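*Asks:*
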Amino acid sequence: MKKREPISHIMTKGVVTVNENDDLRKVVETLKKHTIRHIPIVRGKDVVGIISRSDINRLTFGALFEGQEGADEAILDMLTIAQVMTSKPKTVSSDTIIRDLAEIFAKEEFHALPVVDNGELKGIVTTTDVLKYFLEQYD
2 MKKREPISHI
12 MTKGVVTVNE
22 NDDLRKVVET
32 LKKHTIRHIP
42 IVRGKDVVGI
52 ISRSDINRLT
62 FGALFEGQEG
72 ADEAILDMLT
82 IAQVMTSKPK
92 TVSSDTIIRD
102 LAEIFAKEEF
112 HALPVVDNGE
122 LKGIVTTTDV
132 LKYFLEQYD
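Each residue of the sequence shown is one higher than the one before, counting from 2 in the numbering used here.
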């Protein structure tokens, strides 16, 4: 196993973002369109938050109660991205060692972290990326 492999080898580089001034409907549309589970929220080049598919699912009722689809739409209209996102998310740099990232994921309740170098968003890395990496080590 490569012991000092940086996360730059496993992170998603073409990261999809949403602007903090967009609405929650755009977040939902973007998550669906790109089939992703986490989306960094940006203000210009700065990462100011992150929203997960789970965050959105906690807000909506449609899947749970028959006839409540309209309630989902109302909730998405009532709330802002800032009210739903995790503000000031922890970030990692692209030279963070994969093992160190795995330790962060194991100790904290994160499933994705934005990768930021010199104040610029370079990618996103998830627990799935780490698991796939470790599984490859067994091939």
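Backbone N, C-alpha and C fix where the C-beta goes; we use that ideal spot for every residue, glycine too. Values in this document were obtained by computation on a predicted structure and should not be read as measured data.
1) Measuring only the C-alpha atoms, how far is VAL48 from LYS14?
2) Looking only at C-alpha atoms, which of ILE51, PRO41 and ALA83 sits nearest to ASP24?
3) In whole angstroms, give me the CA-to-CA distance for LEU136 and ILE105.
4) According to DSSP, what are the bridge partners of PRO90?
5) With distances taken Cα to Cα, identify the nearest neighbour of ILE51 among VAL131, LEU102, MET12 and VAL85.
6) Going by other Cβ atoms of all chains shown within 10 Å of its Cβ, with 16 needed for buried, is LEU65 buried or exposed?
7) Would you check if the distance between the CB atom of VAL126 and the CB atom of VAL116 is smaller than 7 Å?
8) When you compare the CB positions of ILE42 and VAL19, do they come within less than 7 Å of one another, or not?
9) Is it right to say GLY124 is buried, meaning 16 or more other beta carbons lie within 10 angstroms of its own, or is it exposed?
10) How big is the Cα-Cα spacing for ILE99 and GLN138?
*Replies:* Judging by the given coordinates:
1) Straight-line spacing of the CA atoms in VAL48 and LYS14 works out to 15 Å.
2) Among ILE51, PRO41 and ALA83, the Cα nearest to that of ASP24 is on ALA83.
3) Their backbone Cα atoms lie some 18 Å apart in a straight line.
4) For PRO90, which the question treats as bridged, DSSP gives no partner whatsoever.
5) Here the closest residue by C-alpha is VAL85.
6) Confidence at LEU65 is low in this model, with a pLDDT of 42, below 50, so the placement of that residue should be treated as unreliable; the coordinate-derived value is given next. With fewer than 16 other Cβ atoms within 10 Å, it is exposed.
7) Contact: yes.
8) It is a contact, given that the beta carbons lie within the stated cut-off.
9) By the neighbour-count definition (other C-beta atoms within 10 Å, threshold 16), GLY124 is a buried residue.
10) Approximately 12 Å, taken between the alpha carbons.
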